[in-house]
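All residue numbers for the sequence shown refer to UniProt numbering, where the first residue is 1 and numbers rise by one.
Note that CB positions come from ideal geometry on N, CA and C, so glycine has one too.
Below is one structure, written out as C-alpha cells; comments come after it.
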Amino acid sequence: MMKKQDPAPRKLPLLAALWLILAPVASQATELMVLHINDSHGHLWTEEGRGGFDALAFLVASIDREVTGRGGHLLFLHGGDVNTGVPESDLQQALPDLALLRLMGCDAMVLGNHEFDNPQALLRFQESFARFPFLSANFVDERGKNPFAPYWLFDLGDLRVAVLGLTTEETSRASPLHLDGGHFEDVIATARRHVADLKERADVVIALAHLGWDLPLRTGTGSEELAQASIDGLDLVIDGHSHTLFREARRIGDTFVAQAGWAGRHLGRFDLTVEEGEIVEARWRTIAVDPTTGRDAATTARLHYYQWQGSRKIGAVIGSTDKILDGEREKVRSEETNLSHMAADAMRERTGADVALLNGGGIRDSIAAGPVRLRDGLAVFPFGNDVVTLDLSGGELLRLLRFLASIPSGAGAFPHVSGLRCRIVDGAVTDVLVNEGPLEESGTYRLATIAYLAGGGDGYEIFLPWKERLVETGYKDIDAFVAYVGTHSPLDGAMGPLRLVRE
C-alpha cells in the first residue's frame with residue numbers, strides 16, 4: 001500500500017459501531033483493518049459542511065498510522081462509481097478523483113455501472129492513471145474473458161487477503177452503449193466459482209461489490225441476496241450502488257455486509273482479528289467525514305487547483321430562469337416536470353425532429369431560479385449523451401408509445417416526450433396527437449432521442465431492431481439544452497399541459 005499523508009492526530013467522530021465476537025482471540029492473532037467508500041461520483045469538495053477528499057485523506061492517514069503503528073495491516077477499497085456526477089470532475093474525466101484516491105493509498109476499486117458511461121478505452125486509461133486495480137469478475141467480453149482483473153490477492157506478510165470484484169448485472173441493461181459486446185454474468189454463480197478457489201489461497205476473502213441493498217425495481221442480484229447464498233469462505237461483502245448508509249453491519253450466515261452511504265461523506269471501517277485463516281473478531285463502524293476534524297493540507301491545495309481547472313469554462317452564464325426547474329430524482333422518475341418538458345423540447349428543436357424522447361434517469365439535478373450557468377446544465381446532463389434521430393412509421397411510433405405506457409413509475413426509464421400527446425388508460429394508448437395532428441399509421445415521423453436509449457439502455461430494447469436506421473446528429477444532450485436556454489431566456493419555468501396523460 002502506498003504511504004499515506006501524516007497529519008497531526010485528532011479524535012475521530014464515530015457514528016455507529018458493531019462488535020461481533022466470533023471466537024476467543026489468541027495472542028498470535030493478526031489485525032486487519034478495511035476502510036471503504038463507495039459512489040463518490042466526483043464529490044471531491046466539501047458540500048454543506050460534509051465530506052471533501054481533503055477531510056477524507058486526513059482520516060485515512062490518521063487511521064493508517066494508528067493501525068500500522070501497532071503492527072496491523074490496512075486496506076482501503078472503493079465500492080465503485082467514481083465517475084459521473086459533479087461537472088468539475090466530469091469535465092476532467094474523473095482524473096482528479098483517481099489522483100487523490102491514489103495518493104490516499106486506495107488499494108482497489110470495483111467497476112460500478114457508471115464506469116461504463118464512458119468508452120472502455122477511457123476506462124483503461126483511468127485505471128493506468130490510478131495505479132490501483134479496477135476489478136470485476138462477472139464482466140466478460142464477447143469471448144467470455146475478463147477485460148479487467150476479476151480479483152486481487154494482497155500478500156501482507158503474515159496475512160493474505162483476496163478482494164473479488166462484482167458488478168451489478170443491471171449494467172448490461174442500463175448501460176449497454178460502451179460494453180463492446182461484453183455482458184455481466186450472474187453474480188452468485190461467479191462468486192461461488194471464484195471464492196472456492198480464493199479461500200484456498202487467502203486467509204480473508206472480500207467481495208468488493210457494486211450491487212446495492214434493498215433497491216426498488218432492481219433486476220440484478222443485490223448484496224443481501226449474495227450473502228444469503230451462503231457461499232462458503234466469503235467473509236465480507238463491501239457494497240455500493242444503492243447509496244445506503246448502514247447503521248450497523250449486517251451478518252447473514254457467516255458473511256458480513258456493509259455499505260457507507262455515498263459522495264465520500266462517510267468512511268466505513270472494518271476492524272478484523274484473524275487467527276489461522278479465520279476471522280475471530282469483527283468490528284464495523286462508520287466515520288463521518290467532517291472537515292472540522294481536520295484536512296490534509298496537500299490535498300486541499302490540489303482540490304483548489306482541480307476546481308480552478310474545472311471552473312474556468314463551466315461558470316459561464318448561458319441564460320436565466322424565473323422559476324426553479326425541477327429535476328429532482330423522485331419527480332422525473334415518476335412524473336413530468338417543467339425541466340423534463342424543456343429537456344425534450346430542446347432535443348426536438350435542435351434536431352428539427354417531429355418528436356423527442358428521453359428518460360427520467362438522464363436528468364440528474366434541478367436548476368435554481370436566476371442565472372443559468374453551464375455548470376447547472378452539466379449537473380442536469382452529466383453523461384454527455386449523443387443525440388440521434390430515427391425515422392419511424394406511424395405504426396412503429398405507436399408501438400413505441402405502447403412500450404412507454406408499460407414503464408412503471410419510479411424507474412429511471414420513465415419517459416418524457418416532446419411533440420406529441422396521448423392518453424394512457426389501463427395501459428392502452430389512445431388519442432395520439434403529433435404536433436397537434438392525429439397520428440397517421442402510414443405516415444413517417446422523425447424521432448430524436450439519446451444514443452443510450454437507442455442502443456437499448458434502461459430496458460429500451462424496442463429500439464434494437466431499428467438500430468441500423470439511427471442517424472448521428474453530432475450534438476449531445478447538453479448542447480441541445482445550452483442552445484435552448486440561450487434562445488428562450490429568460491425562461492418562465494411554466495409547466496405546460498401533461499403530454500403522456502395517465503388515467
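inquiry  = I want to know whether the segment 318 to 336 touches the segment 281 to 300 - three or more CB-CB distances under 8 angstroms.
reply    = no
task = Just the C-alpha distance for S311 and E88, rounded to the nearest angstrom, thanks.
result = 6 angstroms
ask   = With DSSP run on the structure shown, which of helix, strand or coil describes F383?
value = coil
message = What does the alpha-carbon distance come out to for the pair L357 and W152?
response = 42 angstroms
ask   = Would a C-beta distance cut-off of 9 angstroms place H341 and G496 closer than the cut-off?
value = yes
inquiry  = Here's a check: name, in chain order, each residue in its chain whose Cβ is nearer than 7 angstroms to the Cβ of F116, leaving out the five neighbours to either side.
reply    = T171, S175, H178 and L179
Alpha helix (DSSP H) segment containing V485, residue limits = D477 to H488
ask   = Hey, does Q307 have any beta-carbon neighbour from chain B nearer than 9 angstroms?
value = Included in the structure is just one protein chain, with no chain B present.
ask   = Starting from G395 and walking both ways along the alpha helix (DSSP H), at which residues does that stretch end?
value = G394 to A405
request  = State yes or no: is the C-beta of L198 within less than 9 angstroms of the C-beta of G240?
outcome  = no
request  = Note down, in chain order, each residue of its chain lying with its Cβ closer than 6 angstroms to the Cβ of R160, except the 5 sequence neighbours on either side.
outcome  = A202 and D203
inquiry  = Considering only their Cβ atoms, is the gap separating I231 from I206 smaller than 9 angstroms?
reply    = no
ask   = Using DSSP with H/G/I as helix, E/B as strand and the rest coil, what is G319?
value = strand
query = If you draw a straight line from the C-alpha of A480 to the C-alpha of A57, how long is it?
reply = 39 angstroms
task = Taking only the alpha-carbon atoms, compute the straight-line gap between A196 and A229 and give it to the nearest angstrom.
result = 13 angstroms
inquiry  = Looking at the ligand FMN, does it come within less than 8 angstroms of T487, judged from the CB to the closest heavy atom?
reply    = This structure simply doesn't include the ligand FMN, nor any ligand for that matter.
request  = Work out the CA separation of T219 and G157 for me, nearest whole Å.
outcome  = 41 angstroms
request  = Could you check the C-alpha separation between L453 and I188 for me, to the nearest Å?
outcome  = 28 angstroms
inquiry  = Across the segment 472 to 489 and the segment 398 to 405, are there enough close Cβ pairs to call them in contact, namely three or more that are closer than 8 angstroms?
reply    = no
key: Bridge partner(s) assigned by DSSP for G268   = H36 and T286
message = Checking the sheet assignment: what are the DSSP bridge partners for T167?
response = H210
query = CB-CB under 8 angstroms to L98, same chain, minus the five flanking residues each way: which ones, in chain order?
reply = V82, Q126, F129 and A130
Cβ shell of Y484 (< 8 angstroms), same chain only, five flanking positions each side left out = M342, D345, A346, E349 and R350
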